[in-house]
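Everything below concerns the one structure shown next.
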Amino acid sequence: MEDERGAALILEHLLLALVGLLVPLCLWVVFVAVPTEEKMGVVQRIFYFHVPAAFSAFLGVGLCAIFSALYLWKRDRRYDLVAHASAEIGVLFCTIVLITGPIWARPVWGVWWTGEVRLTSTLILWLIYVGYLLLRQSAENREQAARWAAVVGIVGALDMPIIYKSVEWWRGLHPKVLKMSGGGGLDPRMERALLLCTVTFFLLFGYLLIQRCRLGRLEDEIDALAQDAPRRGTGAPATV
Amino acid sequence: MHGIDPAALGASLLTLLQEIAAPAARAAEEAASRPGTAERSLRFLAGAYIVVWGVLGAYMLILSVRLRALSRQVRRLKERLEG
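First to last, the sequence lines map onto chains R and L. Heads up: the first sequence begins at 6 in the working numbering, then just goes up one per residue. Heads up: the second sequence begins at 332 in the working numbering, then just goes up one per residue.
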């Protein structure tokens, strides 16, 4: 267990160092190295953080669904911890997507928000996982919270393919970022910048995930110690 | 009795969807042709980046404060139980 924690701590520091190096590089690439898009102008540069944030939100939701399923199968608390942490970080990145999207849309489309399917389905995803987090807080005991949240975590992930395919299925206004064949129509420099920013966001996601899991473990430890206190007769209060 | 032609129905639905999306598309064209668009775009760009790093920074700060507080709490509880 101690070895596991030591390895997680080393990985956490390594990820932080990498993120610390890559973020300034991303900013330099996005603002200096990448050419300005002809039609949208400089506001298109929002894309380099908006899209990686969307991928990170998907990563969070996907991990939450996988670890929720594992929890329902094995009933191991560690899986629930990872699912909870992934959902919280997924919501964080989805919030960034939902804020930066309208900021991009206002000068490009002339409106902050429209009833476009990708926008609406992303908002629904955000609401589902905010509900997931609220459900965990409102449940009476941890076991019940974990069980119900796992179900929501799995069902909520069904929104992901809808978000991804919505531009094709409903021919929405939202630009198509990735095409499965024939390339995305992006300048190679833009593609490389997007890849760099995506890798940086994934590393940041990993760092936040390790930290959030550590927080969950500490909460468990406090609960265990608080339960242990009356048995030992030390009179230590449940909360300090 | 005449049945509904699926192809015609599909085409009508597509036209309807395009009509729904048309105001936003027109607004996009108008927005791009407006004077001072570059300046406004820069403001939007700056706003977006401030939001991204503001949200991420705030979350990291909250996380580290909570981690420190909980670590202290665990240490204190352990001391009480051992002492």
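Glycine included, every Cβ here is placed at the ideal spot set by N, Cα and C. Just so it is clear, the structure is predicted and the values come from calculations on it, not from any experiment.
- If you look at residue 166(R), you'll find it in the alpha helix (DSSP H) that goes 164-174.
- For residue 64(R), the closest C-alpha among the options 166(R), 86(R), 95(R) and 36(R) is that of 95(R).
- Remark: C-beta atoms of residue 66(R) and residue 164(R) approach each other more closely than 9 Å.
- With its beta carbon less than 9 Å from one in chain L, residue 105(R) belongs to the interface.
- For the segment 381-402 of chain L, residues whose beta-carbon sits nearer than 8 Å to a beta-carbon of chain R comprise 382, 383, 386, 387, 390, 391, 394, 395, 397, 398, 401 and 402.
- Residue pairing by DSSP puts residue 46(R) in a beta bridge opposite 42(R).
- Unbroken alpha helix (DSSP H) stretches of 4 residues or longer found wholly inside the segment 88-146 of chain R: 122-143, given in chain order.
- Straight through space, the alpha carbons of residue 199(R) and residue 375(L) are spaced by roughly 19 Å.
- With respect to residue 233(R), residue 412(L) sits close: the two C-beta atoms are nearer than 9 Å.
- Residue 55(R) carries a helical assignment under DSSP once its states are collapsed to helix, strand and coil.
- Just so you know, the alpha carbons of residue 97(R) and residue 44(R) end up roughly 30 Å apart.
- For residue 371(L), the residues of chain R that pass the 9 Å Cβ criterion are 48, 111 and 112, in the order they occur in the chain.
- Listed along chain L, the residues sitting closer than 8 Å to residue 219(R) by beta-carbon distance are 398.
- With contacts defined as CB atoms closer than 9 Å, residue 68(R) and residue 214(R) qualify as a contacting pair.
- Residues of the segment 204-230 of chain R with a C-beta atom less than 8 Å from some C-beta of chain L are 209, 213, 216, 217, 219, 220, 223, 224, 226, 227 and 230, listed in chain order.
- A contact between stretches requires three or more CB pairs, one per stretch, nearer than 8 Å, and the segment 83-94 of chain R fails this requirement with the segment 109-126 of chain R.
- Residues of the segment 91-103 of chain R with a Cβ closer than 7 Å to any Cβ of chain L, in chain order: 97, 100 and 101.
- Interface with chain L (9 Å Cβ-Cβ cutoff): residue 233(R) is included.
- Using a CB distance cut-off of 9 Å, residue 55(R) counts as an interface residue toward chain L.
- Between residue 208(R) and residue 27(R) a beta carbon distance of about 7 Å is seen, short of the 8 Å cut, so the two are scored as contacting.
- Our two residues, residue 93(R) and residue 108(R), have alpha carbons roughly 23 Å apart in a direct line.
- In summary, residue 143(R) is exposed, with fewer than 16 beta-carbon neighbours lying within 10 Å of its beta-carbon over all protein chains present.
- The beta carbon of residue 172(R) sits closer than 7 Å to those of 123, 179 and 181, all from its chain and outside the five residues before and after it, given in chain order.
- The C-alpha of residue 369(L) lies about 7 Å from the C-alpha of residue 47(R).
- With a 10 Å radius around the Cβ and a threshold of 16 neighbouring Cβ atoms, residue 131(R) comes out buried.
- Within 7 Å of the CB of residue 51(R), the CB atoms of chain L belong to 376 and 379, in sequence order along the chain.
- For residue 108(R), a Cβ of chain L is located within less than 9 Å of the residue's own Cβ.
- The beta carbon of residue 140(R) sits closer than 8 Å to those of 150, 153, 154 and 157, all from its chain and outside the five residues before and after it, given in chain order.
- Your pair residue 383(L) and residue 133(R) does not check out as a contact, with CB atoms roughly 23 Å apart and the cut at 8 Å.
- With contacts defined as CB atoms closer than 9 Å, residue 35(R) and residue 54(R) qualify as a contacting pair.
- The Cβ atoms of residue 223(R) and residue 404(L) sit closer than 9 Å to each other.
- For the 9 Å CB-CB criterion, residue 220(R) and residue 407(L) do not form a contact.
- Residue range 368-413 is occupied by the alpha helix (DSSP H) that includes residue 382(L).
- Residue contact with chain L for residue 70(R): absent (no Cβ-Cβ distance below 9 Å to any residue of chain L).
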